[in-house]
Amino acid sequence: MTLLQIAEPGQTLAPHARRLAIGIDLGTTNSLVAAVIDGVPACLPDAAGEVILPSAVHVAAEGVTVGREARARASDDPAHTFISIKRLMGRGMDDLRTMRPRPPYLFAEGDDAVPRMQTPRGPLGAVEVSAEILKPLKARAEAALGGELVGAVITVPAYFDDAQRQATRDAARLAGLHVLRLLNEPTAAALAYGLDKNAAWSGVGSPSGDTRRAESTDGLRRQTEGLIAVYDLGGGTFDISILRLRKGVFEVLATGGDTRLGGDDFDQAVAIWLMERAGLDVDAGAWLDAGEQRHLSRTACELKEALTGKAQTCARLDLRGETVWKGCLTCAEFNTLADPLIARTLAACEQALADAGLRGADIQEVVMVGGATRVPRVRERVSAFFGREVLTDIDPDKVVALGAALQADVLAGNKPADEMLLLDVIPLSLGLETLGGLVERIIPRNTTLPVARAQEFTTFKDGQTAMSLHVLQGERDTVEDNRSLARFSLKGIPPMAAGAARVRVTFQVDADGLLTVSAREKVSGVSAEVQVKPSYGLGEEAIERMLRDAIEHVGDDVAARRLREARVEGQRSLAAIDSARAADADLLTDIDRPIIEGARELLERAIQGEDAEAITQAVEQLEHAALPFVERRMNRAVSRALAGHTVGQVMNDMVADLNKEP
Amino acid sequence: MTAFALFGLEPALDIDDALLAERFQRLRAQFHPDRFALGSALERRLAVQRAADINDAHATLADPMARARLLLELRGVSMDEAATVQDPAFLMRQMDLREALDEAADAPARERLRTEVQGLWAADWAALGQALQADEAEQARRQLQRLQFLRRFLDQLPRPAPG
């Protein structure tokens, strides 16, 4: 495999050396894939020239279809046509019961934490369905770019919690994609607009074919610092993010939103209005079967879209071969339906501004993202809220994928490293259950990522050797009002008097917003065993099983794929250690040297073998052996940075060392 | 590694805010996990850890109270212990201030009170610095408790309506 090469500052790699990386917008309604080609991000079309892939999956005994063809089956085979599956990501059965409209699927008996839907090809979860959407996007990218991908940046709503993010990552893995980063959608949009800089990203061009953009952002481009709001109303989710931009640094100050509010809800409001007009009992909506429900939703959606730019629009609603309603929806009527929903988004904007310590007037630009921001009433109300015209120049359907492609290009090492930095925050507070069903906050929302916080616990009984902890995410004070993320059992605490043990539990959230927990008993020095039982996630075994059961495994041998992946990771480790040894040989001690050498040879041999598990183990051994050395190098890098080397120099030294070919 | 050491700063009560900001920029750019997207699993893990440490250290150093607490901790004095300092003079002052707050009916009166408390804060801050310099841990702890009260008092003081 080709390992990374060194990029000098300000110089990009020769075309043949470019690593192929893509950005994917995995949306509720539509999904897109984009890549940077010749310095310009572009959405990649399918064979028919369409860039938008409807996020619909139809599962039949004879095969799986994705996209337009699948969406067309929504009304005639609703139980096996999965649309808006994103709403189910990371959700448990309890969530689904309260979801409106109720998903028209038959859920298989079994695990309530990870619901699975019945299909002619066996039970499928939201992760597997999402993986089906990702697969054709991956294939499309490989065909368009002509090679193997080093990885993908996948976007998620900023307000996604840990379970939803983990589910997204799992789906990508299932689709055979290496996730370089989960990127928040609003941050991706800000990136695509290139609002942070003068002209360096001017290559963004005008993907919508709209030339106003260059003029409208010209003012901001001359500035080096700006405060912007990204208002992202997608099909099923709403996000608001407040960012500070300066010279390539995109710093999220606050984020807020609602993962259960989107364009679908506008359709739903129109659907209810339609039913009332048609004299159908809304509460007894149950007499409509799933297919008729979907037909109703579709009619409502078409009505909404047709209304854009008009005073009124007329249509008719047919059910069971009968016209049940014929009439018109006026703009004023629609606005009355939309206003309560828009008001909810504005309340979230208010909160995000308060969290950032800002007022509406401080915001210099408001970027609109998501198909639902095409609704004129939304634009009007958001403009009024912030007291300025909103930016809508880049196609709101494409802007997120384009931003993700830009970030993927940087992460793949095709751009000098110090050109761009994205600093995100955790959208929802993390806490632990305490006595009386209350939640103690450990990491407050809007803390910059990555973050690690430790908390000490003690035993309350003599001789207690285990302790269980319950991790929650949310802003409420009581356990039942927050999302249960995981339960941990700390075992192997040495028996001591009550209160004598000191168990230090560390919560770490990485740049993707994903949590890991570790624990150690301090008095005895014993590392307590941590058992992770994600309440809504998938364990490693579940992923393995899904990979095996992958519903479409034509030409994709799971064992072969695992071996390939293990080898890639093994090569990466070898390359990293070799260049580190070359760069900082003086930091090696007589103790390190032979241990690292031994572990290195072991790994080299394992890579030549056929056993993926052996390779993975050898990688772990090498990393364990090299840990003290690598930590010394990190410390040296800190002192270098502090000694006045520019970020560019140090970063290039570091990254080049880490990545260069052995 | 202490927060001060991570930022290459001498442990001190007063630090150069501009220097702190500049080093924070530099360090977090360097150790952001995105810089290691294609690195080995170990490097990615260490980068996340280091980046988290940098963020945490910055939060401590940027907040004067947290910075002061850290300085005391470095001298083996924990502020978590609930042991209240017997300080009758300061208790008296607390009561006076609360009374003054009740009496400050309008915005100008509250602003006068704010200015006054800020003055007290500055004096106690200087005293804390002296106590640390003289290595008088108990005195330093008492000063820090006074400062904590004054900080809370200032935070609770209603701000004039914006605009």
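Sequences listed follow chains A and B, in order.
Quick note on this note's numbering: the first sequence kicks off at -2 and runs consecutively.
Quick note on this note's numbering: the second sequence kicks off at 66 and runs consecutively.
Using N, Cα and C, we set each Cβ at its ideal position, and we do this for glycine too.
Check: Is there at least one Cβ from chain A nearer than 8 Å to B/P98's Cβ?
Finding: The residue labelled residue 98 of chain B in the question sits at position 33 within the second sequence. Taking Cβ atoms only, chain A reaches closer than 8 Å to B/P98, which makes this a yes.
Notebook entry, point to check: Name the chain A residues that come within less than 9 Å of B/D121, Cβ to Cβ?
Noted result: Your numbering for residue 121 of chain B matches position 56 in the second sequence. Going along chain A in sequence order, the residues near B/D121 (Cβ under 9 Å) are V448, A449 and R450.
Item checked: Residue ranges of each alpha helix (DSSP H) within the region 293 to 333 of chain A, 4 or longer -> Within the region 293 to 333 of chain A, no complete alpha helix (DSSP H) segment of 4 residues or longer occurs.
Next item on the list: Could you give the DSSP three-state label for A/Q404: helix, strand or coil?
Entry: Numbered from its first residue, the first sequence carries residue 404 of chain A at position 407. Secondary structure of A/Q404 (DSSP, three-state): helix.
Next item on the list: Starting from the beta carbon of A/M631, find every residue of chain B whose beta carbon is closer than 7 Å, and list them in chain order.
Entry: Translated into the one-based positions of the first sequence, residue 631 of chain A becomes position 634. Close to A/M631, with beta-carbon spacing below 7 Å, are these residues of chain B in chain order: L111 and R115.
Note to self: Excluding the 5 residues flanking A/T62 on each side, which residues of the same chain have their C-beta closer than 6 Å to its C-beta?
What the structure shows: Start at 1 with the first residue of the first sequence, and residue 62 of chain A comes out as number 65. Excluding sequence neighbours, A/T62 sits near H55.
Notebook entry, point to check: Less than 8 Å separating the beta-carbons of B/P129 and B/A116?
Noted result: For the purposes of this step, residue 129 of chain B is taken as the residue at position 64 of the second sequence. For the purposes of this step, residue 116 of chain B is taken as the residue at position 51 of the second sequence. Not closer than 8 Å, so no.
Next item on the list: Look up A/E428 in the DSSP assignment and say whether it is helix, strand or coil.
Entry: Within the first sequence, numbered from 1, the residue matching residue 428 of chain A stands at position 431. First, the residue type needs correcting, since residue 428 of chain A is Gly and not Glu in the sequence shown. Under the three-state reduction of DSSP output, A/G428 falls in the strand class.
Check: For the alpha helix (DSSP H) that contains A/N632, what are its first and last residues?
Finding: Within the first sequence, numbered from 1, the residue matching residue 632 of chain A stands at position 635. Residue range A609 to L639 is occupied by the alpha helix (DSSP H) that includes A/N632.
Checklist line | Rounded distance between the beta-carbons of B/A188 and A/L418, thought under 8 Å | finding: Here residue 418 of chain A is taken as the residue at index 421 of the first sequence, counted from 1. Here residue 188 of chain B is taken as the residue at index 123 of the second sequence, counted from 1. About 41 Å; that fails the 8 Å criterion.
Notebook entry, point to check: What is the DSSP secondary structure of A/S576, counted as helix, strand or coil?
Noted result: Taking the first residue of the first sequence as position 1, residue 576 of chain A is located at position 579. Under the three-state reduction of DSSP, A/S576 is assigned to helix.
Checklist line | Proximity to A/N632 [Cα-Cα], best of B/D82, B/E87, B/A86 and B/Q114 | finding: Stepping through the first sequence from its first residue, residue 632 of chain A is reached at position 635. For the residues B/D82, B/E87, B/A86 and B/Q114, the minimum Cα distance to A/N632 belongs to B/Q114.
Next item on the list: Could you say which of A/I225, A/Q309, A/P337 and A/S238 lies nearest to A/Q265 if we only look at CA atoms?
Entry: Counting from 1 along the first sequence, the entry for residue 265 of chain A is found at position 268. Closest in alpha carbon position to A/Q265, among A/I225, A/Q309, A/P337 and A/S238, is A/P337.
Next item on the list: Using three-state DSSP, classify A/M464 as helix, strand or coil.
Entry: Within the first sequence, residue 464 of chain A is the residue found at index 467, counting from 1. Here DSSP, grouped into helix, strand and coil, assigns A/M464 to strand.
Next item on the list: Please name the residue, chosen from B/L84, B/T67 and B/M144, that lies closest to B/A202 on a Cα-to-Cα basis.
Entry: As a first step, residue 202 of chain B is located in the second sequence; it is residue number 137 there, counting from the start. Measuring from the Cα of B/A202, the nearest candidate turns out to be B/M144.
Next item on the list: In angstroms with no decimal places, state the Cα-to-Cα distance between B/A172 and B/A191.
Entry: Counting from 1 along the second sequence, the entry for residue 172 of chain B is found at position 107. Counting from 1 along the second sequence, the entry for residue 191 of chain B is found at position 126. Roughly 29 Å between the two C-alpha positions.
Note to self: Just checking: is the beta-carbon of B/R179 within a distance shorter than 8 Å of some beta-carbon in chain A?
What the structure shows: In the second sequence, residue 179 of chain B corresponds to position 114, counting from 1. Not one chain A Cβ lies under 8 Å of B/R179.
Check: Anyone know if the C-beta pair for A/V674 and A/V249 falls short of 8 Å?
Finding: In this structure chain A extends from -2 to 659, so residue 674 of chain A is not present and cannot be described.
Notebook entry, point to check: Which ranges does the beta strand (DSSP E) cover as unbroken runs of at least 3 residues, wholly within the region 32 to 105 of chain A, from first to last along the chain?
Noted result: Within the region 32 to 105 of chain A, the complete beta strand (DSSP E) segments at least 3 residues long are 37 to 40, 53 to 57, 60 to 63 and 78 to 80, listed from N- to C-terminus.
Next item on the list: Report yes or no: do the region 381 to 396 of chain A and the region 81 to 89 of chain B share at least 3 C-beta pairs separated by less than 8 Å?
Entry: Result no; under three Cβ-Cβ pairs closer than 8 Å.
Check: Which one of A/T370, A/R170 and A/K244 has the shortest CA to CA distance from A/G259?
Finding: Sequence index remark: in the first sequence, residue 259 of chain A carries index 262 (1-based). Among A/T370, A/R170 and A/K244, the Cα nearest to that of A/G259 belongs to A/T370.
Check: What are the start and end residues of the beta strand (DSSP E) that includes A/I239?
Finding: In the first sequence, residue 239 of chain A corresponds to position 242, counting from 1. Counting along the chain, the unbroken beta strand (DSSP E) around A/I239 starts and ends at F235 to R243.
Next item on the list: Mark A/M365 as exposed unless 16 or more other C-beta atoms lie within 10 angstroms of its C-beta, in which case mark it buried.
Entry: For the purposes of this step, residue 365 of chain A is identified with residue 368 of the first sequence, where counting begins at 1. So A/M365 ends up on the buried side.
Check: Cβ of A/G245 within 8 Å of Cβ of A/E66?
Finding: Position 248 of the first sequence, counted from the start, is the residue given in the question as residue 245 of chain A. Position 69 of the first sequence, counted from the start, is the residue given in the question as residue 66 of chain A. Judged by beta-carbon spacing, A/E66 lies beyond the 8 Å limit of A/G245, meaning their Cβ atoms are not closer than that value.
Notebook entry, point to check: Can you list, in chain order, the stretches of the beta strand (DSSP E) that have 3 or more residues and sit fully within the region 101 to 143 of chain B?
Noted result: Qualifying beta strand (DSSP E) stretches: none in this window.
Checklist line | Proximal residues, the region 72 to 84 of chain B versus chain A, C-beta separation under 7 Å | finding: Taking 7 Å as the upper bound on Cβ-Cβ separation, chain A lies near residues G73 of the region 72 to 84 of chain B.
Check: Based on the DSSP secondary-structure assignment, which residues constitute the bridge partners of A/I662?
Finding: Residue 662 of chain A lies beyond the residue range present for chain A, which begins at -2 and ends at 659; the question has no answer from this structure.
Notebook entry, point to check: In chain order, what residues of the region 569 to 582 of chain A put their CB closer than 7 Å to some CB of chain B?
Noted result: For the region 569 to 582 of chain A, the beta-carbon criterion of a distance under 7 Å to any beta-carbon of chain B is satisfied by R569, S570 and A573.
Next item on the list: Give me the Cα-Cα distance between A/V176 and A/A187, rounded to the nearest whole angstrom.
Entry: Stepping through the first sequence from its first residue, residue 176 of chain A is reached at position 179. Stepping through the first sequence from its first residue, residue 187 of chain A is reached at position 190. So the two alpha carbons sit approximately 21 Å from each other.
Next item on the list: Below 7 Å CB to CB, which residues in the same chain sit around A/E620 once its five sequence neighbours on both sides are set aside?
Entry: In the first sequence, the residue the question calls residue 620 of chain A occupies position 623. Leaving aside the five residues that flank A/E620 on each side, the residues in its chain whose CB is nearer than 7 Å to its CB run, in chain order, S570.
Next item on the list: Anything in the region 128 to 162 of chain A with a Cβ closer than 8 Å to a Cβ of chain B? List those residues in chain order, please.
Entry: Those would be V147 and G148, in chain order.
Checklist line | Interface partners of A/G428 on chain B, CB under 9 Å | finding: Counting from 1 along the first sequence, the entry for residue 428 of chain A is found at position 431. Here the premise fails: no neighbours, minimum Cβ distance about 18 Å.
Notebook entry, point to check: Taking buried to mean at least 16 other C-beta atoms within 10 Å of its own C-beta, is A/C298 buried or exposed?
Noted result: Here residue 298 of chain A refers to the residue found at position 301 of the first sequence. So A/C298 counts as buried.
Notebook entry, point to check: According to the neighbour-count rule (16 or more other Cβ atoms, all chains shown, within 10 Å of its Cβ), is A/T320 buried or exposed?
Noted result: Position 323 of the first sequence, counted from the first residue, corresponds to residue 320 of chain A. Exposed is the call here.
Next item on the list: May I have the straight-line CA-CA distance separating B/A196 from A/V111, to the nearest angstrom?
Entry: Here residue 196 of chain B refers to the residue found at position 131 of the second sequence. Here residue 111 of chain A refers to the residue found at position 114 of the first sequence. The alpha-carbon of B/A196 is positioned some 58 Å away from that of A/V111.
Next item on the list: Below 8 Å between beta carbons is the criterion; list the residues of the region 281 to 313 of chain A that meet it against any residue of chain B, in chain order.
Entry: Here the close residues number zero.
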